[in-house]
Amino acid sequence: MSNQSNSPEQLRILLAEDNKDWIATITAIAEESGAMVVAVAETFVEAFDQIQQVNDLHINLIVLGGNLDGESLYAQSNIRLLFEMLKQINPDIPSISLSGDLNAGKELTMKIGKTGRWAEEFKTALTDVMTGNYSKSS
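Heads up, the sequence shown is in our numbering, so the first residue is 42 and it goes up one at a time.
The structure is reproduced here in structure tokens:
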């Protein structure tokens, strides 16, 4: 499947993250890279509601933290559910997981591990999405 090329002004992000410091950091990196965070969900319920609206909001990238609503297997199951729901609503929207702990398998298009270089890896992932230079997992 070919991926649609996005210019930086076209990249509109739904960010699902429950930590306000991470929200601020991720938003700043996205803006520095020319992307725009247009919706933020701080809980699973908010993320669930926002993902249902991705087409209406013209979202073309989902960034998910690994621990919405706390660190637990329940939270990780919720993230997997969100990926499944996104695939049903719009399977062409790429996603980035910012958790090294989450093992959602093929639902993830890209996965950023917990390394000291995560900010650089995130910027690279944003650039890859903007240019259409990524491969979608099957």
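C-beta atoms are modelled at their ideal positions from N, C-alpha and C, and glycine is treated no differently.
query: What does DSSP give as the partner residues of residue 53 in its beta bridges?
result: On the sequence shown, position 12 is the one that residue 53 refers to. According to DSSP, which records beta bridges pairwise, residue 53 is partnered with 77.
query: For residue 72, does the count of other Cβ atoms within 10 angstroms reach 16, so buried, or fall short, so exposed?
result: In the sequence shown, counting from the first residue as 1, residue 72 sits at position 31. Exposed, by the Cβ-count rule.
task: Decide if residue 123 is buried, meaning its Cβ has at least 16 other Cβ atoms within 10 Å, or exposed.
output: Locating residue 123 in the sequence shown gives position 82, where the first residue counts as 1. Buried, since its Cβ has 16 or more Cβ neighbours within 10 Å.
Nearest neighbour of residue 75, chosen from 170, 174, 96 [CA to CA]: In the sequence shown, counting from the first residue as 1, residue 75 sits at position 34. For residue 75, the nearest C-alpha among the options comes from 170.
query: In chain order, what residues of the same chain lie with their CB nearer than 8 Å to the CB of residue 98, ignoring the 5 residues before and after it?
result: On the sequence shown, residue 98 is found 57 positions in, with the first residue counted as 1. Once the five neighbours on either side are set aside, the close Cβ partners of residue 98 are 53, 55, 79, 80, 91.
message: Can you find the residues in the same chain that come closer than 8 Å, C-beta to C-beta, to residue 96, ignoring five residues on each side of it along the sequence?
response: On the sequence shown, residue 96 is found 55 positions in, with the first residue counted as 1. Sequence-distant partners of residue 96 (beyond 5 residues in either direction) whose C-beta falls short of 8 Å from its own C-beta, in its chain, are 130, 131.
Environment of residue 104 [buried if 16+ CB atoms lie within 10 Å]: Taking the first residue of the sequence shown as 1, we reach residue 104 at position 63. Buried, because 16 or more other Cβ atoms sit within 10 Å of the Cβ of residue 104.
query: Looking at the unbroken beta strand (DSSP E) that takes in residue 95, where does it start and where does it end?
result: Along the sequence shown, read from residue 1 onward, the residue named residue 95 stands at position 54. Careful: residue 95 lies outside any beta strand (DSSP E) and carries neither H nor E.
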